[in-house]
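There are 4 protein chains.
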Amino acid sequence: MGMIGGGKGAFIGAVHRKAAAMDGLIELCSGAFSNNAEKSLASGQELGLADSRIYPDFKTMIEKEKQLPEDQRMHFVSIVTPNFAHFEPAMLALENGFHVVIEKPMTFTLDEAKQLSAKVKETGLLLCLTHTYAGYPMVKQARYMVQQGMLGKIRKVYVEYPQGWLSQLSEKEGNQQAAWRTDPSKSGKAGAMGDIGTHAAHLAEYITGQKITRLSADIQTIVPGRQLDDDGAALLRFDGGASGVLIATQVATGEENNLSIRVYGEKGGLSWHQMEPNTLEILWQDKPKEIYRAGQGYLSPVALHNCRTPAGHPEGYIEAFANLYRNFALSLQARLDHQQADPELLEFPDVQDGVRGMAFIDNVIASGKSAEKWTDFTI
Amino acid sequence: MGMIGGGKGAFIGAVHRKAAAMDGLIELCSGAFSNNAEKSLASGQELGLADSRIYPDFKTMIEKEKQLPEDQRMHFVSIVTPNFAHFEPAMLALENGFHVVIEKPMTFTLDEAKQLSAKVKETGLLLCLTHTYAGYPMVKQARYMVQQGMLGKIRKVYVEYPQGWLSQLSEKEGNQQAAWRTDPSKSGKAGAMGDIGTHAAHLAEYITGQKITRLSADIQTIVPGRQLDDDGAALLRFDGGASGVLIATQVATGEENNLSIRVYGEKGGLSWHQMEPNTLEILWQDKPKEIYRAGQGYLSPVALHNCRTPAGHPEGYIEAFANLYRNFALSLQARLDHQQADPELLEFPDVQDGVRGMAFIDNVIASGKSAEKWTDFTI
Amino acid sequence: MGMIGGGKGAFIGAVHRKAAAMDGLIELCSGAFSNNAEKSLASGQELGLADSRIYPDFKTMIEKEKQLPEDQRMHFVSIVTPNFAHFEPAMLALENGFHVVIEKPMTFTLDEAKQLSAKVKETGLLLCLTHTYAGYPMVKQARYMVQQGMLGKIRKVYVEYPQGWLSQLSEKEGNQQAAWRTDPSKSGKAGAMGDIGTHAAHLAEYITGQKITRLSADIQTIVPGRQLDDDGAALLRFDGGASGVLIATQVATGEENNLSIRVYGEKGGLSWHQMEPNTLEILWQDKPKEIYRAGQGYLSPVALHNCRTPAGHPEGYIEAFANLYRNFALSLQARLDHQQADPELLEFPDVQDGVRGMAFIDNVIASGKSAEKWTDFTI
Amino acid sequence: MGMIGGGKGAFIGAVHRKAAAMDGLIELCSGAFSNNAEKSLASGQELGLADSRIYPDFKTMIEKEKQLPEDQRMHFVSIVTPNFAHFEPAMLALENGFHVVIEKPMTFTLDEAKQLSAKVKETGLLLCLTHTYAGYPMVKQARYMVQQGMLGKIRKVYVEYPQGWLSQLSEKEGNQQAAWRTDPSKSGKAGAMGDIGTHAAHLAEYITGQKITRLSADIQTIVPGRQLDDDGAALLRFDGGASGVLIATQVATGEENNLSIRVYGEKGGLSWHQMEPNTLEILWQDKPKEIYRAGQGYLSPVALHNCRTPAGHPEGYIEAFANLYRNFALSLQARLDHQQADPELLEFPDVQDGVRGMAFIDNVIASGKSAEKWTDFTI
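Below is the structure:
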């Protein structure tokens, strides 16, 4: 693995490295950790890389790695830069035959996302989009139970993602993370909706297997002086007949990272909370609620495949992240071994999810500006 | 107290009687429990009333009770009939000098509500609308903390009320409660929005002290064959600058009576769940979340006034109901004693809340039918 | 009902009255609320009793009430005085043909308890001991599921009752409740073990249907200057083969009234917490945990009989208390009607529970003083 | 790092490897994964090790690694074999200058533990005992708050560790883990008390800073046909004046891995649950309970040092494990760099904890067999 971005002090880069390292399947062998060559070098050295594999920028990295013998070069790049700097390295990597792991939202614009999608299709390379929450075993279990029809036809979906970390104008107080996320030149046309709204939308579609078709959004910038949206909600309609509500806000003072989803079908319901991720509640109308737990033998094969510890030994966010990396790595290994990966067991969010995520941003922002109640979700 | 409705087998009538009896302040002395004279008599006898105080209908009750000496007659009526049968007895009671306790939604139409409001104003009599959830001590505490500015200026309000009991077409399977609640000739123009949406809207306005000014609603009838809405959600704007989301659904399979509210201000947030009513969570951005608990000495006077037991001895729904009755009875007693009741301590939902509730129904249903995104909340 | 004790300001007397009033089955008609005649009168008047039915002491009350015509006199007394003043009025009531409701621990000494038991046997009168927690519907459900063998043979019982209200020497700071409870001349030979240890022991035996046969106790007085125990724990063995641990402490700073029990059998386990009383967790080894909830149709008949509201409308401590009164009143009514009460459905803690409670106090205190590890539980 | 034990299919070996890999500080470079040379080789190859660094047994490994140049050889061994096979490799490693990470309980007998302790003292080498639960940041925070006196003088400690996985005779049904843990020739003189009782005892002493001085234990073998204890409880006294109860059972049907601890001091209390490890409850007598959360800026430096993600991004069991490895590795690195490691910040359980753990096993088993109520805790 060669990393692009994620130099000293970056939050998400470190998470990616821990996640990638967890299962002993992936080795960080190279990196362009910053566009500042010195900073890149220092970061790489701190991570124990050979100087020869630390590059001053991603172009050099891709060029030089490609010149290495096949069994020595990196197999894929992991792109953990801010949104505006996703597309270029991803495209270049694909063009040079490298598989890609990439942070969400996938690109800066929907158009870029479509280009990436076309390139993935053209090259047949793998692209993994790190919608972390789709890596949790109990999310897999939820998706499985809906797929199996255990809850009946799905009617209602409530997904919400309240955070509080932008309830003050932190971007003006030296918070670097806040600074780029609230800056349209770095983040794109959406703030909260791009950062966390895309997670919420993906989770809703991922678990229900239904796609958003129409929406009616209220998008706001609550904190004075901020440029991008920091708050929003949308009424939703799905292609399978479900309807629901999506909430994403970064001004819910005191909230940490409280992504939650509830889904109700004709026969039963489910409830999952990211902050207590090893528990999945299943509700029935005429019998007791059931508490499904990670690591238990009664789970579906796909959920168990994504567990590492026995029940009661909690797994968390880094493990969910690591599941994306592990499934990606096993799929890649299968390909290198000329074997067929099990697409269900080794499933991970891909370039199509990335295109939908960028389309979600466009559609939800447009709806927020529209006087029409309902607007169609278009790509 | 004379009761109108609430004959044998009625759910809410029994709750009213238990709530009224709890504190030894109110005596059930008369009743017209049904428009069927025999059924009324049987119900009254079962409740231990003297035959002379059991009436075949509310008109007779009001007429006869008025003829009793002042110290023997009922002081007020409690109206626990279905929605369509609220207005007439309430108006007659007021016209004859009786105070009124009345179930919500207050009337069948907004116009009736306005007439009642005018009559209350004209007569100066007391009217208590049983928005039960406003009787919980931790709801009082939440309201108090917002009033005191402890959370700062309020920005976001999320109120939701999922139930699952109408996820099947129960009205066709002999469920009496379901039958009248889904029948527009009994319930009025709204189903779920009238039954539980009004509770959610009241709670949001009650705690925040802000009034809904604009809304954008998605109102649906999910279960085929049903006449009224059984599901809905609305984006909200408030007069104090807050915005939010209201969810009310009766098709959330497996949900019991899961009314919840979260409110976020510039300084902090709060979270309250009806199904665990003795706990109020207060969230802060830079210090630990606090768990306020009913019965604790650190609560506000108004919250403590509405507690009956020490902390850790849970109070519930009937006690919340009893708080409305107790505050109403103590206010009435003060009036009979020519004393001034403390309006804050003895506060209970009144006819103005009833008018707003009926207006909420009109507005939310209208918005649900509108192609405009936002409609103004009008009365 | 005639009340003995429970004058102005007394906590538990007021709870008894609310509980007795809740279902409209019991009327407070007389009382000797204090041994101070003036205070008794004032308390009775405040409660709306006729002066003629307010007595200066319990002896006068029992004597005078007996002289009233049978259909006018009280049917039973409710004794809510401190422990030392339980036996005399209870015995006198029984001797004069009045049924008895009495607070726990039943008497001041085990010998008194045995005398009461003999008198109840002799007279055939009803005696209800207010082990409140046995009145909760989910405790009934737990007992039912154990009885039905659903958890298999019971192996382990963990019952604990931490409170924090005596973590300081409150009895010296004007706390009246603390004053008598920590005074051996008022409370008896035990403090925490008498006040809450008896509840814990009763709950363990009540749910499991097994009786404590041996125990090994560590009994302490933690707060300097206190006379009675304020803390204790005991290792337990039961006659049905189970073993367990009982914890009762009043110095667990910050704890409210956190009675909890967990029971494990060969097939499954259960967990119940008084502070969230409407939920009963059922644990299985190879399938998801189940959450049983008060008011749900799938509960046992005895649990449902002890519910008043639909699921999701929480009931609490006063309702649990009211269940004891209601079952007692219905049993009494059946007797007055020369009918057979259903002993399972209308079950309430009785004089035998009172004898065991007093024996528990003797045994646990003796074990606490013993250098032997195990001592037999003797009566 | 060279690993001893942890071949294919072993649970805890894999956890150690994931934990060691997480922070990029430790590289698995060699291993003797099994005493079966073939199995060791296969395991090592699967892990991507060079054949030259995979050894047929730990003696060979230690001998051969020692012969490598200092900058190429392993720095420490990680011993993840069953209990009976801890001492020999640990001693040999120390004698040959290798630092040691070792599973708990540290040895097969107390005497072995003392020998290891003496050898560590003699050599000055580092030994890390993997009491995983001491690696959780909120356990560190709990310990810190007690140390700072925030809860006042500690009075009560309740620690419990219920599991259900041995509620059947699984050792006879092909469960390998169950087989060795219930076999005295592999596990030592204790079953549940060695496996999980030692964790509970360590946690109690770790958080309170007090040492157990006396105990009274009830030790049982509940499941017929089993050789070692599968259940136990002990009354405890501590050297700082606290008292408490320890529960450890593996027959609590349906329980996963429910280690919990509650500690109460004169001023406040705390409660921590391993299955929801990122939350620490702090209880106060006269103000609201506080919820401390992992990743929050208000935590102590030592707690924050042991967090990897921002609040609301849950960390779990593997991260706690990784904290032991990271603190060990950073301490080792400091030593290699001739620097002083911060002993508080980089603290990890050591050989003294191992000696106390083995003494706990001896003492608790002896007390279980004793007819004396209290026995002194001796080493």
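Protein chains in written order, with full-length UniProt numbering: chain E, 1 to 379; chain Z, 1 to 379; chain C, 1 to 379; chain U, 1 to 379.
Note that CB positions come from ideal geometry on N, CA and C, so glycine has one too.
query: When DSSP labels each residue in this structure, what does Z:Pro301 get in the three-state scheme?; result: helix
query: Which class does U:Tyr206 belong to by DSSP, given the choice of helix, strand or coil?; result: helix
query: Which same chain residues, not among the five before or five after residue 380 of chain C, have their C-beta less than 7 Å away from its C-beta?; result: Beyond the ends of chain C as shown, which are 1 and 379, falls residue 380 of chain C; an answer cannot be given.
query: Excluding five sequence neighbours on each side, which residues of the same chain lie with their C-beta closer than 7 Å to the C-beta of E:Asp195?; result: Arg181
query: Answer with buried or exposed for E:Gln163, where buried requires no fewer than 16 other C-beta atoms within 10 angstroms of its C-beta.; result: buried
query: For the structure I just gave you, are there three or more beta carbon pairs, one from the stretch 344-362 of chain E and one from the stretch 121-135 of chain E, closer than 8 Å?; result: yes
query: Tell me, please, which residues DSSP counts as bridged to Z:His99.; result: Z:Phe76
query: Please report whether the beta-carbon of C:Ala200 lies at a distance below 8 Å from any beta-carbon of chain Z.; result: no
query: When you measure from the CB of Z:Ile26 to every non-hydrogen atom of the ligand PLP, does any distance come out below 7 Å?; result: As presented, the structure is devoid of all ligands, the ligand PLP included, so that no description of it is given.
query: Would you say Z:Leu280 and Z:Met138 are within 8 Å of each other, going by their C-beta atoms?; result: yes
query: Round the Cβ separation of C:Ile291 and C:Leu203 to the nearest angstrom and send it over; I've been treating them as touching at under 8 Å.; result: Contact doesn't hold; Cβ gap of about 20 Å is too wide.
query: What in chain D is Cβ-close to U:Pro288, meaning under 8 Å?; result: Among the protein chains of the structure shown, namely E, Z, C and U, there is no chain D.
query: May I ask which residues mark the beginning and end of the beta strand (DSSP E) holding C:Gln284?; result: Reading off the sequence, residue 284 of chain C comes out as Trp, not Gln. That run of the beta strand (DSSP E) goes 279-284.
query: Taking 8 Å as the CB-CB cut-off, is C:Arg155 touching chain U?; result: yes
query: Mind listing the chain C neighbours of residue 410 of chain Z? Cutoff is C-beta to C-beta under 7 Å, in chain order.; result: Nothing can be reported for residue 410 of chain Z: it is not among the residues displayed for chain Z, which extend from 1 to 379.
query: Would you kindly check if the distance between the Cβ of U:Phe58 and the Cβ of U:Met74 is under 8 Å?; result: no
query: When you compare the CB of C:His75 with every CB in chain Z, is at least one pair closer than 8 Å?; result: no
query: For chain C, find out if any of its Cβ atoms is closer than 8 Å to the Cβ of U:Ala366; answer yes or no.; result: no
query: Go through its chain and collect everything with a Cβ distance to E:Lys114's Cβ below 7 Å, but skip five positions before and after it.; result: Val355
query: Give the range of the alpha helix (DSSP H) segment to which Z:Ser367 is assigned.; result: 351-369
query: Return helix, strand or coil for U:Lys18, following the three-state DSSP convention.; result: helix
query: Go to Z:Gly312, then tell me how far its alpha helix (DSSP H) extends in each direction, as first and last residue.; result: That residue, Z:Gly312, is in no alpha helix (DSSP H); it is neither H nor E in DSSP.
query: Helix or strand or just coil, what does DSSP make of C:Trp272?; result: strand
query: Residues bridged to U:Gly31 by DSSP?; result: U:Met3, U:Ile54
query: Kindly say whether E:Ala341, judged by its beta-carbon, lies nearer than 8 Å to any beta-carbon of chain U.; result: no
query: Please list, in chain order, all residues of the same chain as U:Gly269 whose beta carbon is under 7 Å from its beta carbon, the five residues on each side excluded.; result: Leu151, Arg262, Val263, Leu283
query: Quick one: is E:Glu38 buried, meaning 16 or more other Cβ sit within 10 Å of its Cβ, or exposed?; result: exposed
query: If I follow the unbroken beta strand (DSSP E) through C:Arg214, where does it start and stop?; result: 212-220
query: Could you compute how far the alpha carbon of C:Ile154 sits from the alpha carbon of Z:Phe108?; result: 56 Å
query: Using DSSP bridges, identify the partner residues of E:Glu160.; result: E:Ile247, E:Ser260
query: My assumption, with CB atoms under 8 Å, is that C:Ala311 sits in contact with C:Arg293. Please give the rounded CB distance.; result: 5 Å
query: Examine chain U for any beta-carbon lying closer than 8 Å to the beta-carbon of E:Asn175, and answer yes or no.; result: no
query: Tell me the rounded alpha-carbon separation between U:Pro301 and U:Ala242.; result: 27 Å
query: Please identify, using Cβ separations under 7 Å, the residues of the UniProt domain "GFO/IDH/MocA-like oxidoreductase" (140-270) of chain C that lie next to chain Z, in order along the chain.; result: Glu256, Asn257, Asn258
query: Distance cutoff 8 Å, beta carbons only. Does U:Ile318 sit that close to anything in chain E?; result: yes
query: If you draw a straight line from the C-alpha of Z:His16 to the C-alpha of Z:Gly24, how long is it?; result: 14 Å
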